[in-house]
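K.L.:
In the UniProt record's numbering, the protein residues as written are 1 to 122.
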């Protein structure tokens, strides 16, 4: 795997919204992200609202900008690896770079309706 060259990334403003990349790889990438679970919360990281940026280049390089529920998350060093390992097998993906972003901070409002329902927050 080669390093992805530094390019200007979209600014993270909150949870990633599906259907915004225009790439045919978006749907399978989001499906792969939904297979990664926060070990402390029984909800996948996508529906938790931890994914802020999915940037997909035409050549298959993917950048995922994500946050964590708390800065002291015990798996902060591992989750980016889990994300990379989930996205890399998607057909058409060549390289994956994952970066932890702290701005904006995560809040429970980031969660999808399904995640809130799963956690009994309604």
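From the three backbone atoms N, C-alpha and C, an ideal C-beta is built for every residue, glycine too.
Under three-state DSSP, which class holds residue 97?
P.N.:
Note: residue 97 maps to strand in three-state DSSP.
K.L.:
Buried or exposed, going by whether 16 or more other CB atoms sit within 10 Å of the CB of residue 59?
P.N.:
Exposed, because fewer than 16 other Cβ atoms sit within 10 Å of the Cβ of residue 59.
K.L.:
Taking residue 21 as the reference, give the member of 75, 110, 56 with the closest Cα.
P.N.:
Nearest option by C-alpha distance: 56.
K.L.:
Given that a residue counts as buried once 16 or more other Cβ atoms are within 10 Å of its Cβ, and exposed if not, what is residue 107?
P.N.:
Its Cβ having fewer than 16 others within 10 Å, residue 107 is exposed.
K.L.:
Looking at C-beta atoms only, is the number of pairs between the region 95-110 and the region 38-45 that lie closer than 8 angstroms three or more?
P.N.:
Touching, no.
K.L.:
Which ranges does the alpha helix (DSSP H) cover as unbroken runs of at least 4 residues, wholly within the UniProt domain "MIP18 family-like" (27-98), from first to last along the chain?
P.N.:
Segments of the alpha helix (DSSP H) lying fully in the UniProt domain "MIP18 family-like" (27-98): 79-87.
K.L.:
Is it true that the region 24-36 meets the region 87-101, where meeting means three or more beta-carbon pairs spaced less than 8 angstroms apart?
P.N.:
With the cut-off at 8 angstroms, the region 24-36 and the region 87-101 touch.
K.L.:
What is the DSSP secondary structure of residue 17, counted as helix, strand or coil?
P.N.:
Three-state result, residue 17: coil.
K.L.:
Measuring CB to CB, does residue 99 end up less than 9 angstroms from residue 80?
P.N.:
Taking 9 angstroms as the Cβ cut-off, residue 99 and residue 80 qualify as a contacting pair.
K.L.:
In whole angstroms, give me the CA-to-CA distance for residue 16 and residue 69.
P.N.:
Distance between the alpha carbons of residue 16 and residue 69: 15 angstroms.
K.L.:
Does the distance from the CB of residue 62 to the CB of residue 96 come in under 9 angstroms?
P.N.:
Closer than 9 angstroms, so yes.
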